[in-house]
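Trainee: The sequence shown begins at -7 in my numbering and counts up by one.
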Amino acid sequence: MPKHPFENTSEGGPTYEELSNVISIEGLSWEPNRYLDDELNILQPRLVAVGYTEIEWGPGEHDSFGPLTRTCTARDAAGEVRAFIYG
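#1: How close, in whole Å, do the beta carbons of A66 and L39 come, if the pair is a contact with beta carbons under 8 angstroms?
#2: Compute the Euclidean distance between the alpha carbons of T7 and S21, then round it to the nearest angstrom.
#3: Exposed or buried, what is L32 when buried is set at 16 or more other beta-carbons lying within 10 Å of its beta-carbon?
#4: Between the alpha carbons of A75 and P37, how many angstroms are there, rounded?
#5: If you check the beta carbons only, do I17 and Y78 fall under 7 angstroms apart?
#6: A66 by DSSP, collapsed to three states: which one?
#7: Measuring alpha carbon to alpha carbon, tell me which residue in F57, E53, L60, T45 is nearest A70.
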């Protein structure tokens, strides 16, 4: 069974890849209250179009103004779970 990226935490946590290396992040509003809509309506369809499934979004770094980064895990066409970050 493929290893989940969060299982290898011996080096300080999961290994994240830049989401922009896999799909375009152009067209995002970057407004604090819109990131959830952008993930579901812009980014998730782009991931699905290139073969990703089981897509989950989560928090990354944040400050008092809101999120600075967001994370995503998704299963690729080979069955590997990959972890991404953007922001």
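Backbone N, C-alpha and C define an ideal beta-carbon position, used for all residues, glycine too.
Mentor: From the atom records:
#1: Numbered from 1 along the sequence shown, position 74 holds the residue referred to as residue 66. Numbered from 1 along the sequence shown, position 47 holds the residue referred to as residue 39. Yes, they are in contact, since the Cβ atoms of A66 and L39 sit about 6 angstroms apart, within 8 angstroms.
#2: Counted from its first residue, the sequence shown places residue 7 at position 15. Counted from its first residue, the sequence shown places residue 21 at position 29. Cα-Cα distance, rounded: 26 angstroms.
#3: Counted from its first residue, the sequence shown places residue 32 at position 40. By the 10 Å Cβ count, L32 comes out exposed.
#4: For the purposes of this step, residue 75 is taken as residue 83 along the sequence shown, with counting starting at 1. For the purposes of this step, residue 37 is taken as residue 45 along the sequence shown, with counting starting at 1. Computed Cα separation, rounded: 17 angstroms.
#5: Counting from one through the sequence shown, the residue named residue 17 turns up at place 25. Counting from one through the sequence shown, the residue named residue 78 turns up at place 86. The answer is yes: Cβ separation under 7 angstroms.
#6: Here residue 66 corresponds to residue number 74 of the sequence shown, with the count starting at 1. Strand.
#7: Residue 70 sits at position 78 when you count from the first residue of the sequence shown. Answer by Cα proximity: T45.
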